[in-house]
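The working numbering numbers the first residue of the sequence shown as 210 and each following residue consecutively.
Glycine included, C-beta positions come from ideal geometry on N, C-alpha and C.
If you're wondering where the values come from, they're calculated on a predicted model, not measured in any experiment.
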Amino acid sequence: MCGDIDMRIARDGTWHYMGSPIGRKPLVKLFASVLNRDEAGDFWLITPAEMCRITVDDAPFAAVEMTVDGQGRDQVLTFRTNIDEIVTAGTDNPVRVEIDPDTREPAPYVMVRDGLEALITRSVFYDLVELAEMRVQGGTSVMGVWSNGVFFEIGSTEDE
């Protein structure tokens, strides 16, 4: 185990080493392939030889593009991350939105794999909102989107 290293993933998905952005995408993809998250929420690069903790400002990935196939309940939403991983929203890869209690700003995420999420970029979130439909759940009006037969709430009248 090597402990903590001076590696950080910024909120926009940019990987940094010793304060400088890592500009080589293949190197970032290599690091991402060994990235894990433990039960305490810490992020680790784990290889057969070493285990090093890194800092992640928000989510380790960014969802930078979304494609839509179908519509309504039959709709399928597929996201591409900043490291070109393709994720289809559904039971195993849910979409969720956190509302900041102070600013009321939404922070939307999609699960990529094994507890590792992608922060959905603002422009992609706007595209997602365009697809939203209103439903009443538990007596509250909610906005949400369908993907793979699952309805994902992305906002409610209480969030206003």
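- A contact is defined here as three or more CB-CB pairs under 8 Å, and the region 220-236 fails this definition with respect to the region 278-289.
- Taking a C-beta distance under 8 Å as the contact criterion, glutamate 326 and alanine 241 do not qualify as a contact pair.
- The Cβ atoms of alanine 272 and isoleucine 218 do not sit closer than 8 Å to each other.
- Secondary structure note for valine 304: its beta strand (DSSP E) is the uninterrupted segment 304-308.
- Within the model, the alpha-carbon separation for proline 310 versus leucine 340 is close to 25 Å.
- By the Cβ-count criterion, alanine 258 is exposed, with fewer than 16 other Cβ atoms from all chains shown falling within 10 Å of its own Cβ.
- Lysine 238 and glutamate 362 have their C-alpha atoms spaced approximately 31 Å apart.
- Between aspartate 266 and arginine 220, the C-beta gap is smaller than 8 Å, which places the two residues in contact.
- Checking the DSSP bridge columns, you'll see valine 296 partnered with Phe288.
- Taking all protein chains shown into account, methionine 352 has 16 or more neighbouring C-beta atoms within 10 Å of its C-beta and is therefore buried.
- Assigned with DSSP and collapsed to three states, aspartate 267 falls in coil, not helix or strand.
- With respect to valine 359, threonine 300 sits close: the two C-beta atoms are nearer than 8 Å.
- If you compare the alpha carbons of Ile292, Val304, Asp323 with that of tryptophan 355, the shortest gap goes to Val304.
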